[in-house]
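Here the structure is laid out as structure tokens; the discussion comes afterwards.
There are 2 protein chains.
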Amino acid sequence: MAEGPGNQGHGGESLLYLTDEQLRQGIEAMFFAYRAFTADPDRILQGNGYGRAHHRAIHFINIQPGTTVNNLLSILGVTKQSLNRVLRTLVEDGLVESRVGRMDKRERHLYLTEAGAALEHQLSDAQRARMRAAYRQAGPEAVTGFRRVLEAMMDPEMHRHFSGLREARS
Amino acid sequence: MAEGPGNQGHGGESLLYLTDEQLRQGIEAMFFAYRAFTADPDRILQGNGYGRAHHRAIHFINIQPGTTVNNLLSILGVTKQSLNRVLRTLVEDGLVESRVGRMDKRERHLYLTEAGAALEHQLSDAQRARMRAAYRQAGPEAVTGFRRVLEAMMDPEMHRHFSGLREARS
DNA sequence: TTGGAATGTCAACAACGCTGACTTAAAGTG
DNA sequence: CACTTTAAGTCAGCGTTGTTGACATTCCAA
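Residue numbers (this note's numbering), protein chains in the order written: chain D, 1 to 170; chain F, 1001 to 1170.
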């Protein structure tokens, strides 16, 4: 089974032999876990004409109310045309409000309406429930490691946008 | 928010207060990390007319040579029409070979050709490199926790298909 | 004031999910 | 053998969400 060097005990020291098999399992785990991770929101959104892209937009508008389209663009890493299609439907449906900037009238500042906030809650509740269950099952130490690996995996560019950076240092 | 008493202890002990903010950061970390995680293969595949779906098919055919279409279907969790579209192009392009089953002639057993294996290598090398770097940066303890949380997050259905199950139980 | 950069919008296309209906071939079962 | 089920493949069509290209508006600086 390619057990390899049977360490990874708990030392924290050194070596860190990483066999291809171990890495492959990590890759596969990411695939299966991410599928499960997005399953609940996908289910909620399907049928309403919304999808994962709408979820992402709603999520980040909720976190940074008043963010501009351009800022959202750099966070989501898609083209403005792609984002615009999503934003247009959200605005039309009254979930997002788009206000012209006071300083710079080219900018549009985005806010969730009450209806938008309600949907956001529904979505994030479902996702948090799964995350909470996984965290509970895995234990607090595992959670720390989980977060650490994910952060190391992000592109440095994107890591800037990650909001879990508060107490990271100290 | 129904925060309630912080534990319905099923594991038994353990506080494990999980604030919404902590959970939200985990959710966001998954989003950013997964994006980075798929970025390298996506870059390699783009332009060849292939995409993430082709990558997934190639990955699992490589791991289970001779797997049937039906088995692949249940692993990937897509419809046969969706998978067939991908498989057809891979067979046409000579990356995958489809052999009629000897026992059951209805089945088609799938194998990577040399060209397919070469592409698989290219893809998994890129992905392993990123995974290895993240593992190294995070440390061995973190890796264990990472794996533990991801496994807890999977749907039980899908967890059956996860190949990293050898020594898990002790 | 004029030209360039930034911001946002519209149109069209590709990848890849989906449903539904259908065919072919082989296996299983009375 | 007739009947049903299973495995695989196909066709047609649609929805979400990426992409590029073209274009309008706004700001700012030469």
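Just so it is clear, CB atoms sit at the ideal spot from N, CA and C, and this is done for glycine as well. Quick caveat, the model's predicted, so the values are computed rather than measured.
| query | result |
| --- | --- |
| Using a Cβ-Cβ cut-off of less than 8 angstroms, give me the residues of the stretch 76 to 97 of chain D that come near chain F, in sequence order. | Gly77 |
| Output the boundary residues of the beta strand (DSSP E) element that contains F/Val1100. | Val1096 to Val1100 |
| Name the chain F residues that come within less than 7 angstroms of D/Ser163, Cβ to Cβ? | Gln1025 and Glu1028 |
| Quick one: any contact between the stretch 147 to 154 of chain D and the stretch 59 to 71 of chain D, if contact means 3 or more CB pairs under 8 angstroms? | no |
| According to DSSP, simplified to helix, strand and coil, what is D/His59? | helix |
| Give me the subset of the stretch 113 to 147 of chain D whose CB atoms are less than 8 angstroms from a CB atom of chain F, sorted by chain position. | Ser124, Gln127, Arg128, Arg130, Met131, Arg132, Ala133, Ala134, Tyr135, Arg136, Gln137, Ala138, Gly139, Pro140, Glu141, Ala142, Val143, Thr144, Gly145, Phe146 and Arg147 |
| When DSSP labels each residue in this structure, what does F/Leu1112 get in the three-state scheme? | strand |
| Taking DSSP as the reference, what is the three-state secondary structure of D/Thr144? | helix |
| Return the residue from the list F/Glu1120, F/Glu1021 and F/Val1096 that minimises the CA-CA distance to F/Val1112. | According to the sequence as given, residue 1112 of chain F is Leu; it is not Val. Minimum Cα distance to F/Leu1112 is reached at F/Val1096. |
| Can you list the residues of chain F that D/Arg35 reaches, using a CB-CB cut of under 9 angstroms? | Gly1077, Met1154, Asp1155 and Met1158 |
| Any beta-carbon of chain D closer than 8 angstroms to the one on F/Leu1018? | yes |
| Determine whether the beta carbon atoms of D/Met158 and F/Phe1032 lie at a separation below 8 angstroms. | yes |
| Short check: CB of F/Lys1080 to CB of F/Leu1090, under 8 angstroms? | no |
| Measure the C-alpha to C-alpha separation of F/His1161 and F/Gly1077 and round it to an integer number of angstroms. | 11 angstroms |
| Can you have a look at F/Thr1144 and say buried or exposed, based on whether 16 or more other CB atoms are within 10 angstroms of its CB? | buried |
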